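If you count the sequence shown from 1, position 313 lands on 295 in my numbering, and the numbers rise without skipping.
A short write-up of the structure that comes next.
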Amino acid sequence: MPPRTTDSTPERPDDDRAPSKAPEPCAGDDAPTPPRADEGEAEDLADVEAEGKEEEREGEGDKAEADSGRRVVAVRRAADGGRRWRALHLAGCAVLLAVAVTGGAIAVGGVQDRGAGVDAVSAAGALSPGDLARGDLDAGIASLQKHLRAQPKDFGSWATLGVAYVEQARTKGDPSRYPQAQRALKRSLGLKPGNDQALAGQAALAAARHDFPGALTQADRALKQNPYNERALCTRIDALVELGRYDDAAKAADTADDRRPGIPVFTRYAYVRELRGDVRTAREVLERALGSAHAPADVAYVATALGQLAWNQGEYKTALDHYARALAADDAYLPALEGRARAQAASGERTAAVRGLEQVVARFPLPGPLVALGELYEDRGGDGDRAKAGDQYALVDAWTALARAGGANTDLETALAAADHGDEKEALRAARAEWDRRHSVHTADALAWALHVNGRDEEALPYARRATATGYRNAVFLYHRGVIERATGDKREARTHLKAALDLNPGFSPLGAREARTALKDLEGNR
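Shown next, in the form of structure tokens:
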């Protein structure tokens, strides 16, 4: 499973505020008189108007399904022109033109707390970030848009709208929302320069786009204005983790826990511990967080994190129990649906796993489930399965083209997918580019594997060792290291790490686990 640090975590209703005896004014109540409307404001309000009219035309009952369907069709159309890796860059560009023409009017829904709706509105009519997290994201955005058409000078609501767009883009695979988020946050800062809500939103946007140095800078700026800003505290942890600065991330997690203890901080604290090999503490922290969770969005998120932790350790029954709890809280929570399918595949329930991943990618064709489904097709090996697998891998490139147009860096996703299912040279280019930006265990592993598939195993070995150096228990990393060691002639170490991968998580990948078993059998036979 992919890293969890930048996953959506519902925030507390009093988000972004330090403890205070007196209630704070509603967003914009005591703000200084803003400047006269300019061209930027006109553009931002035009976006709000266009989206509001689109939402008014559509029925609420089928809006989410129709919206996600349009985006899925657009991505699939991008890939339909050919299955070869390079050709899809051109196809992706065609989709980007289509997105530009629509003006970003395609609204996509959130999977958080579907049944609750958004019923808490500030005195000024604007929603807080906490309200958006607890309720339906679509409904919250619609309310914000309506409010901003009436009160375009409300800097707090512009900041909240920007963050909501980031959530839509990140959780639903809709990169067209990133530029809209950027404009909304810029508008907030234009109305009130230096406000911590918008700075924290810019940090979240940078993290979602995989600009982790930028995320760290913006989070620090927000915390200088308000040391208790929960979003900035959490994004700071995320950025340090993704930059590979694990000691600093641990300190940042301790600081965040002192200032704003709660589920968003607890889940990040647990992940930092997991990356350092302390699975026991990670599990205990997540279990305590789940015990304190009450809102369906909180339960779904934390239970899914526990499911991912269990899956990484090869504890498939436990993982399935956690995913069941997550889906009982929110039956449409995408990470839980994907995690359940992976655990089913590892448990031998291949038919259920394929069906589950088909449902996931039919709604949201994101790289992780696309590759997982493609590998399940390949492993099944039935009539037409190879072509079906190729279709899934082709869609990954269409998605990365859309994400790049939204300002996101997709080199890590490109490197991971292309190394096994695409252009090996492109995989190495992307992996090197990402390593130049950040030195995390994930980028080390990606670069090691990209070097391996290009036949450069001596160069790959130091990166493979670095990927496993923190104690992080990841079967994929161990498998990659074992294969690279075998290629360099170190049979003893290769046996050790291939066996460790299969002992830890014997179903870590439909294809990778099979290849690991074959390689280990060959090594054992030649002893």
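The C-beta atom is built at its ideal place from N, Cα and C for all residues, glycine as well.
All of these numbers come straight from a predicted model, not from anything done at the bench.
Could you give the DSSP three-state label for Thr199: helix, strand or coil? Along the sequence shown, read from residue 1 onward, the residue named residue 199 stands at position 217. If DSSP states are grouped into helix, strand and coil, Thr199 belongs with the helices.
Counting C-beta neighbours from all protein chains within 10 Å, is the total for Asp12 16 or more, i.e. buried, or is it exposed? As a working note, residue 12 is residue 30 in the sequence shown. The predicted position of Asp12 is uncertain, since its pLDDT is 34 and thus under 50; a value taken from the coordinates is nonetheless stated next. Classification of Asp12: exposed, given that the 10 Å Cβ count is below 16.
Quick check on DSSP: helix, strand or coil for Lys174? Indexing the sequence shown from 1 puts residue 174 at position 192. Lys174 sits in coil when the DSSP states are folded into three classes, being neither helix nor strand.
How many Å lie between His403 and Leu377 at the Cα? Residue numbering aside, residue 403 sits at position 421 when the sequence shown is read from its first letter. Residue numbering aside, residue 377 sits at position 395 when the sequence shown is read from its first letter. Cα to Cα, His403 sits roughly 12 Å from Leu377.
To the nearest angstrom, how far is the alpha carbon of Glu331 from that of Arg322? Here residue 331 refers to the residue found at position 349 of the sequence shown. Here residue 322 refers to the residue found at position 340 of the sequence shown. Looking at the two C-alpha atoms, the distance is approximately 11 Å.
Where Ser274 falls: helix, strand or coil (DSSP): Here residue 274 refers to the residue found at position 292 when the sequence shown is read from its first residue. DSSP, reduced to helix, strand and coil, places Ser274 within a helical segment of the structure shown.
Are the CB atoms of Arg203 and Leu181 nearer to each other than 7 Å? In the sequence shown, the residue the question calls residue 203 occupies position 221. In the sequence shown, the residue the question calls residue 181 occupies position 199. Yes, the pair counts as a contact, with Cβ atoms nearer than the cut-off.
Do the CB positions of Val254 and Ala235 come within less than 7 Å of each other? For the purposes of this step, residue 254 is identified with residue 272 of the sequence shown, where counting begins at 1. For the purposes of this step, residue 235 is identified with residue 253 of the sequence shown, where counting begins at 1. Contact: yes.
Quick one, which of Asn294, Leu288, Asp118, Pro317 has its alpha-carbon nearest Asp303's? Position 321 of the sequence shown holds residue 303. Nearest of Asn294, Leu288, Asp118, Pro317 to Asp303, Cα basis: Leu288.
Does DSSP put Ser139 in a helix, a strand or coil? For the purposes of this step, residue 139 is taken as residue 157 along the sequence shown, with counting starting at 1. Three-state DSSP puts Ser139 in a helix.
Look at Tyr210 and Arg241 and say whether their C-beta atoms are less than 7 Å apart. Here residue 210 is taken as the residue at index 228 of the sequence shown, counted from 1. Here residue 241 is taken as the residue at index 259 of the sequence shown, counted from 1. It is a contact, given that the beta carbons lie within the stated cut-off.
Close Cβ partners of Arg159 (< 6 Å) along its chain, the five nearest in sequence each way excluded: Counting from 1 along the sequence shown, the entry for residue 159 is found at position 177. Tyr147, Gln150, Ala151.
What do you get for Glu506, buried or exposed, if any count of 16 or more other CB atoms within 10 angstroms of its CB means buried? As a working mapping, residue 506 is identified with position 524 in the sequence shown. Residue burial is scored here from C-beta neighbours: Glu506 has fewer than 16 other C-beta atoms within 10 angstroms and is therefore classed as exposed.
Beta-carbon proximity of Lys154 to Phe459, cut-off 7 Å: Reading the sequence shown from its first residue, position 172 is the one you call residue 154. Reading the sequence shown from its first residue, position 477 is the one you call residue 459. No. Outside cutoff.
Could you check which residue in Asp313, His276, Gln326, Arg227 has the C-alpha nearest to that of Tyr298? The residue given as residue 298 occupies position 316 in the sequence shown. Of the candidates Asp313, His276, Gln326, Arg227, the one whose C-alpha sits nearest the C-alpha of Tyr298 is Gln326.
Rounded C-alpha distance that separates Asp334 from Asp361: On the sequence shown, position 352 is the one that residue 334 refers to. On the sequence shown, position 379 is the one that residue 361 refers to. The amino acid occupying residue 334 in the given sequence is Ala; Asp does not appear at that position. Computed Cα separation, rounded: 14 Å.
Output yes or no for whether 7 Å exceeds the beta carbon distance between Asn436 and Leu410. On the sequence shown, residue 436 is found 454 positions in, with the first residue counted as 1. On the sequence shown, residue 410 is found 428 positions in, with the first residue counted as 1. The answer is yes: Cβ separation under 7 Å.
Own chain residues within Cβ distance below 7 Å of Ala188, not counting five before or after: Sequence index remark: in the sequence shown, residue 188 carries index 206 (1-based). Here the set comprises Gly196, Ala197, Gln200.
Which residue marks the beginning of the alpha helix (DSSP H) containing Asp367, and which one marks its end? Within the sequence shown, residue 367 is the residue found at index 385, counting from 1. Element bounds for Asp367: 367 to 387.
Secondary structure at Gly464, three-state DSSP: helix, strand or coil? Against the sequence shown, residue 464 aligns to sequence position 482. Three-state DSSP puts Gly464 in a helix.
List the whole-angstrom C-beta distance separating Leu257 from Tyr283, where the pair is believed to meet the contact cut-off of C-beta under 8 Å. Position 275 of the sequence shown, counted from the first residue, corresponds to residue 257. Position 301 of the sequence shown, counted from the first residue, corresponds to residue 283. Going by Cβ atoms, the distance from Leu257 to Tyr283 rounds to 19 Å, so no, they are not a contact pair.
List the endpoints of the continuous alpha helix (DSSP H) containing Arg241. As a first step, residue 241 is located in the sequence shown; it is residue number 259 there, counting from the start. Where Arg241 is concerned, the enclosing alpha helix (DSSP H) stretches over 228 to 241.
Check this for me: beta carbons of Gly464 and Leu480, under 7 Å apart or not? In the sequence shown, counting from the first residue as 1, residue 464 sits at position 482. In the sequence shown, counting from the first residue as 1, residue 480 sits at position 498. Their beta carbons are under 7 Å apart, which means Gly464 touches Leu480 by this criterion.
Since I believe Leu126 is in contact with Ser139 (beta carbons under 8 Å), could you give me their beta-carbon distance rounded to a whole number of angstroms? By one-based count along the sequence shown, residue 139 stands at place 157. By one-based count along the sequence shown, residue 126 stands at place 144. Between Leu126 and Ser139 the Cβ distance is about 6 Å, and since that is below 8 Å, they are a contact.
Counted within 10 angstroms of its Cβ, other Cβ atoms place Pro175 as buried (16 or more) or exposed: Residue numbering aside, residue 175 sits at position 193 when the sequence shown is read from its first letter. Result: exposed.
Taking a contact to mean a Cβ-Cβ separation below 7 Å, would you say Gly144 touches Ala124 in this structure? Locating residue 144 in the sequence shown gives position 162, where the first residue counts as 1. Locating residue 124 in the sequence shown gives position 142, where the first residue counts as 1. Contact flag unset, no.
Measuring only the C-alpha atoms, how far is Ala318 from Pro488? On the sequence shown, residue 318 is found 336 positions in, with the first residue counted as 1. On the sequence shown, residue 488 is found 506 positions in, with the first residue counted as 1. If you take the alpha carbons of Ala318 and Pro488, they lie about 20 Å apart.
Candidates Leu272, Ala428, Arg438, of which the one nearest His462 by Cα: In the sequence shown, residue 462 corresponds to position 480, counting from 1. Ranking the options by Cα distance to His462, first place goes to Ala428.
Using a Cβ-Cβ cutoff of less than 7 Å, which residues in the same chain neighbour Ala401 once the five nearest sequence positions on both sides are dropped? Residue mapping note: residue 401 aligns to position 419 of the sequence shown, counting from 1. Ala409, Trp431, Ala432, Val435, listed in sequence order.
Using DSSP with H/G/I as helix, E/B as strand and the rest coil, what is Thr217? Here the question's residue 217 lines up with position 235 in the sequence shown. Three-state DSSP puts Thr217 in a helix.
In terms of alpha-carbon separation, which member of Ala310, Arg265, Ser274 lies closest to Trp293? In the sequence shown, counting from the first residue as 1, residue 293 sits at position 311. It is Arg265.
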